[in-house]
Every structure is written in structure tokens, then in C-alpha cells.
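For the protein sequence lines, the chains are B and S, in the order given. The first sequence runs contiguously to residue 365 in our numbering. The second sequence runs contiguously to residue 120 in our numbering. By construction, the Cβ of each residue, glycine as well, lies at the ideal position given by its N, Cα and C atoms. Source: prediction; values computed, not measured.
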Amino acid sequence: VSTIDRTERTVELSLEDLSLAATLGDSLTDGLILAGVDGRIRYLNPAAKRLLGWPSTSKEGHVDVSAIPVDRATIRRFATAKRSWVAEVTLDSGGQATMARIAFKPLARGGRRVGSLIVLVDRTEVLAAEKDRDLARENDRAKTRSLHLVAHDLSGPLTVLKGYVALLQEGKLSLEQFNGHVPVLVAQLNQIQRLVQTLLDTARLEEGRLELQLTEFDLVPFVNRLVAVMALPESRLRIVVAAGAGELPVMADSTRVESILRNVITNAIKYSPEGTLITCTVACVGDHAEVRVRDEGPGIAPADLDRLFRRFGRVGDVKMNPAGVGLGLFLSRQLARLHGGDLTAVSGKGQGSTFTLTLPICKVA
Amino acid sequence: MSIGRILVVDDEPDLRGMVRLILEMDGHKVAEAHHGRAALDYLNANDVDLVITDIMMPIMGGAELINALRASDDTANLPIIVLSASPHDVSNANLVMRKPFRPAALREEAARMLRTDARG
Numbered sequence: 001v002s003t004i005d006r007t008e009r010t011v012e013l014s015l016e017d018l019s020l021a022a023t024l025g026d027s028l029t030d031g032l033i034l035a036g037v038d039g040r041i042r043y044l045n046p047a048a049k050r051l052l053g054w055p056s057t058s059k060e061g062h063v064d065v066s067a068i069p070v071d072r073a074t075i076r077r078f079a080t081a082k083r084s085w086v087a088e089v090t091l092d093s094g095g096q097a098t099m100a101r102i103a104f105k106p107l108a109r110g111g112r113r114v115g116s117l118i119v120l121v122d123r124t125e126v127l128a129a130e131k132d133r134d135l136a137r138e139n140d141r142a143k144t145r146s147l148h149l150v151a152h153d154l155s156g157p158l159t160v161l162k163g164y165v166a167l168l169q170e171g172k173l174s175l176e177q178f179n180g181h182v183p184v185l186v187a188q189l190n191q192i193q194r195l196v197q198t199l200l201d202t203a204r205l206e207e208g209r210l211e212l213q214l215t216e217f218d219l220v221p222f223v224n225r226l227v228a229v230m231a232l233p234e235s236r237l238r239i240v241v242a243a244g245a246g247e248l249p250v251m252a253d254s255t256r257v258e259s260i261l262r263n264v265i266t267n268a269i270k271y272s273p274e275g276t277l278i279t280c281t282v283a284c285v286g287d288h289a290e291v292r293v294r295d296e297g298p299g300i301a302p303a304d305l306d307r308l309f310r311r312f313g314r315v316g317d318v319k320m321n322p323a324g325v326g327l328g329l330f331l332s333r334q335l336a337r338l339h340g341g342d343l344t345a346v347s348g349k350g351q352g353s354t355f356t357l358t359l360p361i362c363k364v365a
Numbered sequence: 001m002s003i004g005r006i007l008v009v010d011d012e013p014d015l016r017g018m019v020r021l022i023l024e025m026d027g028h029k030v031a032e033a034h035h036g037r038a039a040l041d042y043l044n045a046n047d048v049d050l051v052i053t054d055i056m057m058p059i060m061g062g063a064e065l066i067n068a069l070r071a072s073d074d075t076a077n078l079p080i081i082v083l084s085a086s087p088h089d090v091s092n093a094n095l096v097m098r099k100p101f102r103p104a105a106l107r108e109e110a111a112r113m114l115r116t117d118a119r120g
């Protein structure tokens, strides 16, 4: 064994090898390392020093390949590999993790091993660019999905409107009968208007130029009025004005607050069984006014709860935001936050859901 | 004209109301459900001759409802019309109608389904 060892040691990287590597290496942006059969580094270029986090003054010939700041398995492969290999690794470049690709090639001359060539490619930027591309692609897909949802949500009220008008045209409804349905048609037009408003607000929000129209109003009668116009079956909705609330003056955009609450209440109605109660509580909590909407529906799993407020998020592929193009809760939360408040949800499978809107209270002079 | 018992499944009450109005013009008996789960509950206790359903609904959508109906011996051959704005991946309905639809077309198709009711 010792004889063979001695023979192998006598075969080494030649001066030509090293000067060629140096000529190339100094101008390369990828790291280049030449090591002898003993594992000692004979040459490394500036890019390699940078990638390894070694000082540019570090001297070749004194460092072993095992000092390369990479996992142990890779270090072992430097010593044992008989063939070329490529691996994706994380380099600890002076305390900073660098994603890199390592290409290893044993060098031989006349059938004898003379050393190895190691190339290091910095993958940080490539991987970051790939991640950006993935995000952009996902965003694109989400926008396409939202287009489908917009079309779907608009088609409901349009179907009702076109249906009644067709019945009138076909003479199936007299003008008098048709007039009896006008409130339904107005409700459909309002729904279309709300959908368009949601789209406009979402676009404005994205451009950072959504402006609130603030006025001072009392939240208690406001919520009462809203619930009345939403024409819920009395048996299903209960309004609780918590003790001590009395007057709840807020400085807010009433149209936007209505849209937030309408969204939340509509969801509660749609997602809870008929005959169960929806409790709307208006209260003063600290320096905030709070409107809580609690339903006795199937509840929302924790994982879905998180998705709920994302743009275009509909839980479990079902229709989540009747007036919202899958934008409803996303926009509602953003609107609440623009007011200096918030919209949050608490739920669990089988426990019903509670959505809470908070708004800062106006200081009474 | 065959008169039938029809279950209308849609999460929008105003849309259900209009479909009911259209179908009742021909004398059909109409029941309503606001999602697939409610429809299955109704069908457990009642016989119907035709189901007209939306696809995107909360709790249980139309595709899942149709699969459940097709999987049960009692309702495997029940005529089903899908009324949807985006009727994707609905292969096992008897007919797919796109929203918005013409009321006259819905009346004709409902009548045709009831005449050719496969259950005999």
C-alpha cells in the first residue's frame, strides 16, 4: 500500500495546469478550484474566495478541500469520488448562506489521477429570479381566476334582470305584474353596482390611491338600518347592542363600512344552515367600536381561515364572497385597516364563525 | 304538456324566485334549495321529476350534488339541468344551460326533460 501511495504522490498537477487555471480563473465569475491528489488546494480564483467567504489574500497550498464550508457528505465526496459529479449545495460564506452548484471532476494524466477540479456556481440570483417568476405566474393565474369569478358573480344578477325583461317582452308578464317585481330588479342592479365598486376599489387599492370619504356617524343606528335593508328573515338575525355602548360615534366612510358589513353578513347567511341564528353585536371595546357577526355554520378550518383574507381566496373552491369576486374579504380587511381598524375572523370546524370589525371611536368633545 | 315536480337549487334567492315564476307559468310544482346539501335533504323526504341546479354554491356545489344523485339508486336516472355561468366539468347532467338564459328556452327544456323522463 505504501508503495502505491508513494507512486501516486509523485504524479501531481503540472505547472502548465496551474498557470492555465490561473489565466482563466482570474477573469471567471464562477469559482474555480484545483486540488492535488492529497486534497490540498493548489489554486483557487478570486470568485471562489468570494463564494467561500475566504479573504482574498488567503494563500493556496495551505488549505485542504475539507475546509470548504459545505456539508460533511459533500466533503467526503471530494475525497472519495472517482467520477465527475454535480450537486446543489448551500455554502456558508462567512456566516452567510449562499445557494451554489458544485461541479467536481477528477483530473488524470496518462491514466493516473493528478488531482481534481471543482467549479462553484453562485445560484442565489438565478434562484431568486426563478422565485420571482413563479410569484408573477401565480399572480397571473390568480388574476385570470378573478376574471372568471367576476364574470360568474355578474352573471347572477344579469340573469335575473334579463329574465324578467324577457318575460315582459314575451307577454308572459303584464306591465302591472312586472311592476310587482321591480324591487327585485333594483336589488339586482344594486348588486351589480356593488360588484363594480369592489373591482374599482381593489384596483385603486393596488395603485395606492384609494381614498376614504370620512364623515361622523353613530354606528348603532347605522348597523340597525343596514340589517333592515338586507331584509333578513327576522327569526335568523339578532342584534345585540352591548351594555354601555349607547352611542358609538365613528369617523368613517359609511359606504365602505356598509360594504364590509354587508359582505360579512351575507357570508354568514350563506354559510350557515337555514333556521340558525346570526348574532350581530355592536359594542364599545376600549377606544374602539366593534361589530361582531357570529353564525352557527359549519365553521372554517384554521388553514382555510388564513386563506380567507387573501386576494382571490375562496375556501375549498366554493363560493366564499357572494358580493365579492373572491375579493370581498380581502378588500373588506384592507378597507377596515385604512380606517385604522381591522377585520378579523375566529372559527374552528364545527364551531361557527365570528367576524369582527373594529373601528376607532371618535372622541366625544 | 307534462306537469312535473321540480327542485330548483341555487344560492341566490332572487334567481330561484325567477326560475320558480317561469316554471309555475306551465303549472309545475316547484321546490327550492339554496345549496347541494339542502337539496339532498329535500330529496331524501320528497320525490321530484326534475332537478335544476347551479354549480358554484356554498356548503355543497352542483357538481358534488350531481355526483351524489348519480351514485344513489333512487336518483341515478333523475333528469338534471345545470344552470350556470361557468359550467365546467359537468359531464353527468342531462343538459347544461348557460346563464343568462331565455325563460322560454328553460320552459321548453324542462318540458322536454319531463316528457322523456328516463325513469319511466
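CA-to-CA distance, B:V250 to B:K319, given in whole angstroms: For the purposes of this step, residue 319 of chain B is taken as the residue at position 319 of the first sequence. For the purposes of this step, residue 250 of chain B is taken as the residue at position 250 of the first sequence. For B:K319, the predicted model reports a pLDDT of 42, less than 50, meaning its position is unreliable; a value from the coordinates is still stated below. Cα to Cα, B:K319 sits roughly 32 Å from B:V250.
Cβ neighbours of B:T358 in the same chain (closer than 6 Å, five flanking residues each side left out): Translated into the one-based positions of the first sequence, residue 358 of chain B becomes position 358. In its chain, beyond the 5 residues on either side, H288, E290, G341 and D342 have a beta carbon closer than 6 Å to the beta carbon of B:T358.
Chain S within 8 Å of B:E366, Cβ atoms only: As displayed, chain B neither begins before 1 nor continues past 365, which places residue 366 of chain B out of reach and without an answer.
Inter-residue Cα distance where the pair is B:L219 and S:L114: Taking the first residue of the first sequence as position 1, residue 219 of chain B is located at position 219. Taking the first residue of the second sequence as position 1, residue 114 of chain S is located at position 114. About 53 Å.
Extent of the continuous alpha helix (DSSP H) run through B:V89: Translated into the one-based positions of the first sequence, residue 89 of chain B becomes position 89. Careful: B:V89 lies outside any alpha helix (DSSP H), inside the beta strand (DSSP E) at W85 to S93.
Residue environment, S:I3, which counts as buried when at least 16 other CB atoms sit within 10 Å: Residue numbering aside, residue 3 of chain S sits at position 3 when the second sequence is read from its first letter. By the neighbour-count rule (16 or more Cβ atoms within 10 Å), S:I3 is not buried but exposed.
Environment of B:K370 [buried if 16+ CB atoms lie within 10 Å]: Chain B is shown only over 1 to 365; residue 370 of chain B falls outside these bounds and no answer can be derived.
Sequence-distant residues of the same chain with beta carbon closer than 6 Å to B:G94, five excluded per side: Working through the first sequence from its first residue, we reach residue 94 of chain B at position 94. Within the same chain, B:G94 has close Cβ partners G53.
Environment of B:E130 [buried if 16+ CB atoms lie within 10 Å]: If you number the first sequence from 1, residue 130 of chain B lands on position 130. Exposed.
Coarse secondary structure for B:P106, derived from DSSP in three states: Stepping through the first sequence from its first residue, residue 106 of chain B is reached at position 106. Strand, per DSSP.
Start and end residues, beta strand (DSSP E) containing S:T53: One-based indexing of the second sequence puts residue 53 of chain S at position 53. Note, S:T53: beta strand (DSSP E), L50 to T53.
Under 8 Å from the C-beta of B:A151: neighbouring residues of chain S: Along the first sequence, one-based indexing puts residue 151 of chain B at 151. In chain order: A85 and S86.
Which listed residue (B:V126, B:T354, B:L167 and B:K82) has its alpha carbon closest to that of S:M25: Stepping through the second sequence from its first residue, residue 25 of chain S is reached at position 25. For S:M25, the nearest C-alpha among the options comes from B:L167.
8 Å Cβ cutoff met for B:V121 and B:R137: For the purposes of this step, residue 121 of chain B is taken as residue 121 along the first sequence, with counting starting at 1. For the purposes of this step, residue 137 of chain B is taken as residue 137 along the first sequence, with counting starting at 1. No; because the gap between Cβ atoms is not below 8 Å, this pair is not in contact.
Bridge partners - B:Y43, DSSP secondary structure assignment: Position 43 of the first sequence, counting from 1, holds the residue named residue 43 of chain B. B:Y43 is bridged by DSSP to B:L34.
Which residues DSSP lists as bridging B:Q96, in chain order: Taking the first sequence and counting its residues from 1, one reaches residue 96 of chain B at position 96. B:S93.
Within-8 Å CB hit, S:A110 to chain B: In the second sequence, counting from the first residue as 1, residue 110 of chain S sits at position 110. S:A110 does not count as touching chain B.
Supposed close pair S:I6, S:D49 - CB separation, criterion 8 Å: The sequence position of residue 6 of chain S within the second sequence is 6, counting from 1. The sequence position of residue 49 of chain S within the second sequence is 49, counting from 1. About 7 Å separates the two Cβ atoms, so the contact holds.
Cut-off 8 Å between Cβ atoms - residues of its own chain near S:G36, not counting five sequence neighbours on either side: Reading the second sequence from its first residue, position 36 is the one you call residue 36 of chain S. Answer for S:G36: V9, T53, M57, I59, M60, G61, G62, E64, L65 and A68, listed in chain order.
DSSP bridge partner residues for B:T198 (one or two, in chain order): For the purposes of this step, residue 198 of chain B is taken as residue 198 along the first sequence, with counting starting at 1. Beta-bridge pairing by DSSP links B:T198 to no other residue.
Within-8 Å CB hit, B:G208 to chain S: Residue numbering aside, residue 208 of chain B sits at position 208 when the first sequence is read from its first letter. Judged by the 8 Å Cβ criterion, B:G208 is not in contact with chain S.
Secondary structure of B:D140, DSSP reduced to three states: Here residue 140 of chain B refers to the residue found at position 140 of the first sequence. It is helical.
Where the beta strand (DSSP E) through B:K270 begins and ends: Here residue 270 of chain B is taken as the residue at index 270 of the first sequence, counted from 1. It is not in any beta strand (DSSP E) - B:K270 instead sits in the alpha helix (DSSP H) that spans S254 to K270.
Same chain, Cβ closer than 8 Å to B:R310, five either side skipped, listed in chain order: Numbered from 1 along the first sequence, position 310 holds the residue referred to as residue 310 of chain B. If we look at B:R310 and ignore the five residues flanking it on each side, its Cβ neighbours are F330.
Cutoff 8 Å: S:I66 Cβ touching any chain B Cβ: Position 66 of the second sequence, counted from the start, is the residue given in the question as residue 66 of chain S. No, because no Cβ of chain B sits closer than 8 Å to the Cβ of S:I66.
Contact belief for B:S332 with B:V264 at Cβ below 8 Å, rounded distance in angstroms: Here the question's residue 332 of chain B lines up with position 332 in the first sequence. Here the question's residue 264 of chain B lines up with position 264 in the first sequence. That pair is a contact at about 7 Å.
Beta-bridge partners of B:C280, as assigned by DSSP: In the first sequence, residue 280 of chain B corresponds to position 280, counting from 1. Note: B:C280 sits in a beta bridge opposite B:I239 and B:V293.
Neighbouring residues, chain B, relative to S:G4 (Cβ below 9 Å): The residue labelled residue 4 of chain S in the question sits at position 4 within the second sequence. Result: empty, since nearest Cβ-Cβ is about 19 Å, beyond 9 Å.
Beta-bridge partners of B:T23, as assigned by DSSP: As a working mapping, residue 23 of chain B is identified with position 23 in the first sequence. Beta-bridge analysis with DSSP links B:T23 to no other residue.
Boundaries (first-last residue) of the alpha helix (DSSP H) holding B:T344: Translated into the one-based positions of the first sequence, residue 344 of chain B becomes position 344. Per DSSP, B:T344 belongs to no alpha helix (DSSP H); it is in the beta strand (DSSP E), D342 to S347.
Own chain, CB closer than 8 Å to B:A108, minus 5 neighbours either side, in chain order: Here the question's residue 108 of chain B lines up with position 108 in the first sequence. Result list for B:A108: V114, in chain order.
Beta-ladder partner(s) of B:T356, from DSSP: Counted from its first residue, the first sequence places residue 356 of chain B at position 356. DSSP, once it has assigned bridges, lists B:R292 and B:T344 as partnering B:T356.
8 Å contact criterion, which B:L51 and B:G31 should meet: CB distance rounded: Position 51 of the first sequence holds residue 51 of chain B. Position 31 of the first sequence holds residue 31 of chain B. Your pair B:L51 and B:G31 checks out as a contact, with CB atoms roughly 5 Å apart and the cut at 8 Å.
Any chain S beta carbon closer than 8 Å to B:K143: Looking up residue 143 of chain B in the first sequence gives position 143. B:K143 is outside the set of residues whose beta carbon lies under 8 Å from a beta carbon in chain S.
Per DSSP, the bridge partner or partners of S:E121: Because chain S in this structure spans residues 1 to 120, residue 121 of chain S falls outside the shown range and cannot be described.
Cβ shell of B:A301 (< 7 Å), same chain only, five flanking positions each side left out: Your numbering for residue 301 of chain B matches position 301 in the first sequence. Excluding residues up to 5 positions away in sequence, K349 lie with their Cβ nearer than 7 Å to the Cβ of B:A301 in the same chain.
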